Each structure stands twice: as C-alpha cells, then as structure tokens.
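**Q**
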Amino acid sequence: MRYLKDATIWTGEKLIENGWLLIKDGAIAEVGTGSIEDGESVSGKIIMPGFINMHSHLYSTLFRGFGISIMPITFKDILSEVWWQWDKKMDEKAVYYSALIGGIESLKAGITTIVDHHASYGYIKGSLRSLKEAVVDTLGMRADFCFEVSDRNGKEPAEKAIEENIEFAEETSGSSLLSAHIGLHASFTLGDETLIKVKKLTPEGIGFHIHLSEGIEDEIITRKVHGKSPTARLRDHGLLNQKSIVVHGIHLDEEEKNILKGQDVIFAHTPQSNMNNAVGTAYIRDLLQKGINVVLGTDGYSLNILNELRTLPLLQKHTKRDYNAIGLAELIKIWENGYSAASRLFGIKVGKIKPGYAADIIVADYEPFTPINDKNFYGHLLYGMTDRLNVLDVYINGKKVLSDGNPIGVEYHKVRQEAQAVAKKMWERMGYNA
Ligand SMILES: [Zn+2]
1370 MRYLKDATIW
1380 TGEKLIENGW
1390 LLIKDGAIAE
1400 VGTGSIEDGE
1410 SVSGKIIMPG
1420 FINMHSHLYS
1430 TLFRGFGISI
1440 MPITFKDILS
1450 EVWWQWDKKM
1460 DEKAVYYSAL
1470 IGGIESLKAG
1480 ITTIVDHHAS
1490 YGYIKGSLRS
1500 LKEAVVDTLG
1510 MRADFCFEVS
1520 DRNGKEPAEK
1530 AIEENIEFAE
1540 ETSGSSLLSA
1550 HIGLHASFTL
1560 GDETLIKVKK
1570 LTPEGIGFHI
1580 HLSEGIEDEI
1590 ITRKVHGKSP
1600 TARLRDHGLL
1610 NQKSIVVHGI
1620 HLDEEEKNIL
1630 KGQDVIFAHT
1640 PQSNMNNAVG
1650 TAYIRDLLQK
1660 GINVVLGTDG
1670 YSLNILNELR
1680 TLPLLQKHTK
1690 RDYNAIGLAE
1700 LIKIWENGYS
1710 AASRLFGIKV
1720 GKIKPGYAAD
1730 IIVADYEPFT
1740 PINDKNFYGH
1750 LLYGMTDRLN
1760 VLDVYINGKK
1770 VLSDGNPIGV
1780 EYHKVRQEAQ
1790 AVAKKMWERM
1800 GYNA
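Counting from 1, position 322 in the sequence shown corresponds to residue 1691 in this note's numbering; the numbering is continuous, with no gaps.
#1: Just to confirm, is the Cβ distance from MET1417 to TRP1389 under 9 Å?
#2: Is GLY1596 near ligand 1, judged by its Cβ being under 8 Å from some heavy atom?
#3: Have a look at LYS1566 and ILE1535 and give me their C-alpha separation to the nearest angstrom.
#4: Please find out if some non-hydrogen atom of ligand 2 comes closer than 8 Å to the beta-carbon of ASP1668.
#5: Of all the options TYR1428, ALA1468, THR1739 and TYR1465, which has the alpha carbon lying nearest to the alpha carbon of ASP1456?
#6: For GLY1576 and ASN1645, what's the separation of their Cα atoms in angstroms?
#7: So, are the CB atoms of PRO1599 and SER1556 less than 9 Å apart?
#8: Using the Cα positions of GLY1522 and GLY1560, report the straight-line distance between them to the nearest angstrom.
#9: So, using beta-carbon positions, are ASN1775 and ARG1511 closer together than 9 Å?
#10: Which first and last residues belong to the alpha helix (DSSP H) in which PRO1640 is found?
#11: From LEU1508 to GLN1611, what does the alpha carbon distance come to, in whole angstroms?
#12: How should SER1772 be labelled, buried or exposed, when 16 other C-beta atoms within 10 angstroms of its C-beta is the threshold for buried?
#13: Tell me the rounded alpha-carbon separation between ASP1655 and LEU1547.
#14: As a quick exercise: from THR1558, GLY1419, ALA1398 and GLU1382, pick the residue whose alpha carbon is nearest that of MET1370.
#15: Helix, strand or coil for SER1712? Go by DSSP, reduced to three states.
#16: Measuring alpha carbon to alpha carbon, tell me which residue in MET1795, ALA1727 and ASP1407 is nearest GLY1395.
#17: Are at least three pairs of beta-carbons, each pair with one atom in the stretch 1776–1795 and one in the stretch 1488–1496, less than 8 Å apart?
#18: By how many angstroms is the C-alpha of ALA1733 removed from the C-alpha of THR1619?
#19: Within the continuous beta strand (DSSP E) that includes MET1417, where are the two ends?
#20: Kindly indicate which three-state DSSP category GLU1780 falls into: helix, strand or coil?
#21: Quick check on this structure: which residue in GLU1699, ALA1698 and LYS1721 has the alpha carbon closest to the alpha carbon of SER1709?
#22: On the DSSP bridge list, what partners appear for ASN1759?
#23: Between the beta-carbon of GLY1430 and the beta-carbon of TYR1466, is there less than 9 Å?
#24: Residues in its own chain within less than 6 Å of VAL1616 by CB, not counting five upstream and five downstream?
#25: Could you check whether LEU1570 and HIS1606 sit closer than 9 Å to each other, using their CB atoms as the reference points?
#26: For THR1443, I'd like the list of residues in its chain whose CB is within less than 8 Å of its CB, leaving aside the five on either flank, ordered along the chain.
#27: Please report how far the alpha carbon of LEU1657 lies from the alpha carbon of GLY1716, in whole angstroms.
#28: If we ignore side chains and look at the alpha-carbon of each, how far apart do LYS1626 and ILE1614 end up?
#29: May I ask you to check if the CB of SER1642 is nearer than 8 Å to at least one heavy atom of ligand 1?
#30: Using the C-alpha atoms, what's the distance from ASN1676 back to SER1642?
#31: Do the stretch 1667–1687 and the stretch 1696–1705 make contact, defined as three or more Cβ pairs closer than 8 Å?
#32: For HIS1578, I'd like the list of residues in its chain whose CB is within less than 6 Å of its CB, leaving aside the five on either flank, ordered along the chain.
#33: Let me know the secondary structure DSSP gives HIS1426 once reduced to three states.
#34: Flag HIS1687 as yes when its Cβ comes closer than 8 Å to any non-hydrogen atom of ligand 1, and as no otherwise.
#35: Might you give, ordered along the chain, the residues of its own chain that have their beta carbon closer than 8 Å to the beta carbon of LYS1386, omitting 5 neighbours on each side?
#36: To the nearest whole angstrom, what separates the beta carbons of GLY1596 and LYS1630, a pair I think is in contact under 8 Å?
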C-alpha cells in the first residue's frame, strides 16, 4: 500500500490539483484531493497514466550511431541490406542488452507498456526469453513479445522462428505483465506453406503481429504471386483477429480497410519511421472514420512515443497540404485507443488513474506557462509535453521501477558501459569499426 500526495493528477478524464492517490495490490485503489497525513509528497509534479508503445523493435537499439556505408535505394534495399543483415548478426548478448537499454530508454520516456516485434536470426531459440528477462523480470515493465517469422533466410530458420513464438506464447499465460503474439514479417516474405503452418500451430485466442502494406512491394508482390491483396491473404489464412496487430497500412485500398474493420484488428501507425523510410503516408482520418482501431508505435526509429504523437499531425497536414487534415479530437482518440488495445492484450484496465485500473503511472516535471485544465490537457500533452517532459518516477503494476530518472534493479552506468561493448562487437560483425 502506498500513498502519493500533493500532486497535480491527470486521471485520463480530469485534472485534479492538490491530489492524492492510493496504490494497493498493483492497482489504483482511491483518488482524492486535499491534504492527507500519510504518503510520499510529490509536490509540484504531475502524475498521469504511463504511455503505451504498440509497435517497437528493441533489437534496433544498438544501431544508434552505426555508420551505414551502403546507399539503399528502395524500401526493400533498406530491409535486405541493413536490417536483415543486422538481425542475422545478433547473438544472445546483443539481444539482451538491446532490450535492457531499450527498456530503460522507454521508461525514461514515460512508457509503461511496450509491444515489441523481435527479429534475431543469429539467435532464435531462447531470444524471447532473453527479452522477457531484460524488460519484464529486470526492469518490471509490462510487455508483449513475438518473433518475426519470415521465409527470407530459408525454411529451417522460419521453422525455428515459429517454434520460438509458440513455445513462448504457451509460457506467458497467467501473468498480467506479460503477453505474446505470433510474429510475422510481412506477406511478401512469407509463403503459403509457412502461413498454413503458423495458423495450425497457434493456440486459440492468440493474435498475430505483422507489417502490412508498408512498402508498395508488399502489395505488388502479394497480388502478383497470390492473386489477392496482402490484407485479404492474411484474412484468408485466419491471421486477423481482435488481438492481431497490423502495422503501417500505407497503400491499402478500400476493400482492405473494410477487412481490417470487419476483423476488428489493432492498427499501429508509426509516422517517424514511415517518413524516414520514405514509404508514404497512411491517411489516418479515413481509417478512423471507418472505425479502425488506430494506435501509435515507434517502430525501430525511436523509443519515445510522445515524439510519434507530435509527428502524427505534422505528417498528415504536410502530406495533404491541409491544416485540417487531422484534429485534436482524432489525436485523443488514437491516444486512448492505445490504452484500450493494451487492456485488450493484457486482460486488465490501463490508461486511467481511477479505482480498478492498474497502477501504471508516471510522475513527471512539467512546468506549464499557460493555464492547464480538464479541457486543454491534450493541448499541453501535444505541444508542451512532447517537447519537454522530465519523467522522474515510474510505477508499473504498483511497483516503483524508475526513481528520479534511474531504473531500479540495475546500475544504469554499468549497463550502459556493457551495452557499448556489446554494440562495438555487433558493429564489428557488421563490418563497421567505430
Ligand atoms: Zn516494424
């Protein structure tokens, strides 16, 4: 049992000044205002629900500062010449430290739940357990993992990747901190034989996590080889359900959007990555108007979901050359969809500071210089906090996991030193000497 008091609290619905809250058994038990005797004072700070990252690639964490010597031309070049080489060179240590450092960076950015799409063809069996050990067991985050099945390296590695997914998914039941998907790369690198096998081996009630229509290649190759759109193909293989996450969806036609709505999938949008890879823009208003569950993810581009929130409207407005291409109400909907999706995956309630919700909260320094209230909180989130929010403490499932900016349970400077050594070796395997 723990009280936090003297805070400004954004509950997800209203802003409370001089508020307090009680955490009990991993959940929010009570919220109130005024002074109370017990508890830790967080005067001058703002408390709010922790953030959700619905699509990340922790395996790219140690790429920071890596020198690319090649010049990819198409999106497929970016994959085949950079990322598919990178993931083949990963060993157990590289996977573990990518996840540990990436998890710490996420906590510092206020993220309490991370849904990660993992690839490490250099280290398949046991890799998801390494992620769990780093992110959930060591850092205390709420996380969902999967391994990216693909036929790009041949049949045997694809089979091992399927096994890794299935074994891990079977192990995760019973924990509200851990969840699993069956990971798939994208339609254009997956043959029918593999998809049939994946579906056959996957236990009921598990979702699939897959890139969809990111580069135009996915549409062109799938239609040419299989005679249908990638979305129709995934549906026909029984891979789209309420827990399935499709990512990007940039080149979808109307029929594909209707399929996604019909299957009630989660749709992850990653604006910064899409801009960086020059793959195009998914028109978010169209998707929302169809009732598709659009959520936000970082992809491999960053580990800061607030940066994605900031970029989302910029990309829509810029691409359409229309100031009204997206509005604040739509951004709020997407932000809240992230909480609904996380609640759906983990079987608990997250995203509000209200009795009965999991105590996944952040305590941060934010110094508004204009009025802040119930009505304009999201204006501050979008234009102020995305620019400068200093996350101090993080609680997940009621447990303090970040204290004054430092992860609890690891010595941050030692982890960073070790990660640097692991990254150097990883870069050497890639033929780059820093
Ligand atoms: Zn991705």
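The C-beta atom is built at its ideal place from N, Cα and C for all residues, glycine as well. Note that the coordinates shown come from a computational prediction; the quantities given were computed from them, not determined experimentally.
**A** The short version:
#1: On the sequence shown, residue 1417 is found 48 positions in, with the first residue counted as 1. On the sequence shown, residue 1389 is found 20 positions in, with the first residue counted as 1. Contact flag unset, no.
#2: On the sequence shown, residue 1596 is found 227 positions in, with the first residue counted as 1. Flag unset: Cβ of GLY1596 not near ligand 1.
#3: For the purposes of this step, residue 1566 is taken as the residue at position 197 of the sequence shown. For the purposes of this step, residue 1535 is taken as the residue at position 166 of the sequence shown. One C-alpha to the other measures close to 11 Å.
#4: Among the ligands modelled here, namely ligand 1, ligand 2 does not occur.
#5: The sequence position of residue 1456 within the sequence shown is 87, counting from 1. Ranking the options by Cα distance to ASP1456, first place goes to TYR1428.
#6: Mapped onto the sequence shown, residue 1576 falls at position 207. Mapped onto the sequence shown, residue 1645 falls at position 276. So the two alpha carbons sit approximately 28 Å from each other.
#7: By one-based count along the sequence shown, residue 1599 stands at place 230. By one-based count along the sequence shown, residue 1556 stands at place 187. The answer is yes: Cβ separation under 9 Å.
#8: For the purposes of this step, residue 1522 is taken as residue 153 along the sequence shown, with counting starting at 1. For the purposes of this step, residue 1560 is taken as residue 191 along the sequence shown, with counting starting at 1. Reading the sequence as shown, one finds Asn at residue 1522 and not Gly. C-alpha separation (whole angstroms): 12 Å.
#9: Numbered from its first residue, the sequence shown carries residue 1775 at position 406. Numbered from its first residue, the sequence shown carries residue 1511 at position 142. It is not a contact, given that the beta carbons lie outside the stated cut-off.
#10: Sequence index remark: in the sequence shown, residue 1640 carries index 271 (1-based). It spans 1640–1645 - the alpha helix (DSSP H) in which PRO1640 sits, taken as one unbroken run.
#11: As a position in the sequence shown, residue 1508 is number 139, starting the count at 1. As a position in the sequence shown, residue 1611 is number 242, starting the count at 1. Rounded to the nearest whole angstrom, the C-alpha separation of LEU1508 and GLN1611 is 28 Å.
#12: Locating residue 1772 in the sequence shown gives position 403, where the first residue counts as 1. With fewer than 16 other Cβ atoms within 10 Å, it is exposed.
#13: Counted from its first residue, the sequence shown places residue 1655 at position 286. Counted from its first residue, the sequence shown places residue 1547 at position 178. So the two alpha carbons sit approximately 33 Å from each other.
#14: Taking the first residue of the sequence shown as 1, we reach residue 1370 at position 1. When only C-alpha atoms are compared, the closest one is ALA1398.
#15: Mapped onto the sequence shown, residue 1712 falls at position 343. Correct three-state label for SER1712: helix.
#16: Along the sequence shown, one-based indexing puts residue 1395 at 26. The shortest Cα separation from GLY1395 among MET1795, ALA1727 and ASP1407 belongs to ALA1727.
#17: no
#18: Position 250 of the sequence shown holds residue 1619. Position 364 of the sequence shown holds residue 1733. The question names Thr, yet the displayed sequence has Ile at residue 1619. Distance from the CA atom of ILE1619 to the CA atom of ALA1733, rounded to whole angstroms, is 35 Å.
#19: Indexing the sequence shown from 1 puts residue 1417 at position 48. MET1417 -> beta strand (DSSP E) spans 1415–1418.
#20: Residue mapping note: residue 1780 aligns to position 411 of the sequence shown, counting from 1. Note: GLU1780 maps to coil in three-state DSSP.
#21: Residue numbering aside, residue 1709 sits at position 340 when the sequence shown is read from its first letter. It is LYS1721.
#22: In the sequence shown, counting from the first residue as 1, residue 1759 sits at position 390. Answer is ASP1734.
#23: In the sequence shown, residue 1430 corresponds to position 61, counting from 1. In the sequence shown, residue 1466 corresponds to position 97, counting from 1. Checking the sequence shown, residue 1430 turns out to be Thr, not Gly. Against a cut-off of 9 Å, the Cβ pair of TYR1466 and THR1430 comes out as a contact.
#24: On the sequence shown, position 247 is the one that residue 1616 refers to. HIS1424, HIS1580 and ALA1637.
#25: On the sequence shown, residue 1606 is found 237 positions in, with the first residue counted as 1. On the sequence shown, residue 1570 is found 201 positions in, with the first residue counted as 1. No. Outside cutoff.
#26: Within the sequence shown, numbered from 1, the residue matching residue 1443 stands at position 74. Same-chain partners within the cutoff: GLY1584 and GLU1586.
#27: Counting from one through the sequence shown, the residue named residue 1657 turns up at place 288. Counting from one through the sequence shown, the residue named residue 1716 turns up at place 347. In a straight line, the C-alpha of LEU1657 is about 24 Å away from that of GLY1716.
#28: Looking up residue 1626 in the sequence shown gives position 257. Looking up residue 1614 in the sequence shown gives position 245. Going from the Cα of LYS1626 to the Cα of ILE1614 covers about 14 Å.
#29: Position 273 of the sequence shown, counted from the start, is the residue given in the question as residue 1642. Yes, since a heavy atom of ligand 1 falls inside the 8 Å radius drawn around the Cβ of SER1642.
#30: Your numbering for residue 1642 matches position 273 in the sequence shown. Your numbering for residue 1676 matches position 307 in the sequence shown. Rounded to the nearest angstrom, the gap between the Cα atoms of SER1642 and ASN1676 is 11 Å.
#31: yes
#32: Counting from 1 along the sequence shown, the entry for residue 1578 is found at position 209. The answer, listed in chain order, is HIS1486, CYS1515, HIS1550, GLY1552 and ILE1614.
#33: Taking the first residue of the sequence shown as 1, we reach residue 1426 at position 57. Coil.
#34: Taking the first residue of the sequence shown as position 1, residue 1687 is located at position 318. For HIS1687, the distance from the CB to the nearest heavy atom of ligand 1 is not below 8 Å.
#35: The residue labelled residue 1386 in the question sits at position 17 within the sequence shown. Rather than Lys, the amino acid found at residue 1386 in this sequence is Glu. Same-chain partners within the cutoff: THR1377 and THR1402.
#36: Sequence index remark: in the sequence shown, residue 1596 carries index 227 (1-based). Sequence index remark: in the sequence shown, residue 1630 carries index 261 (1-based). Their Cβ separation, rounded to whole angstroms, is 23 Å, which puts GLY1596 and LYS1630 out of contact at 8 Å.
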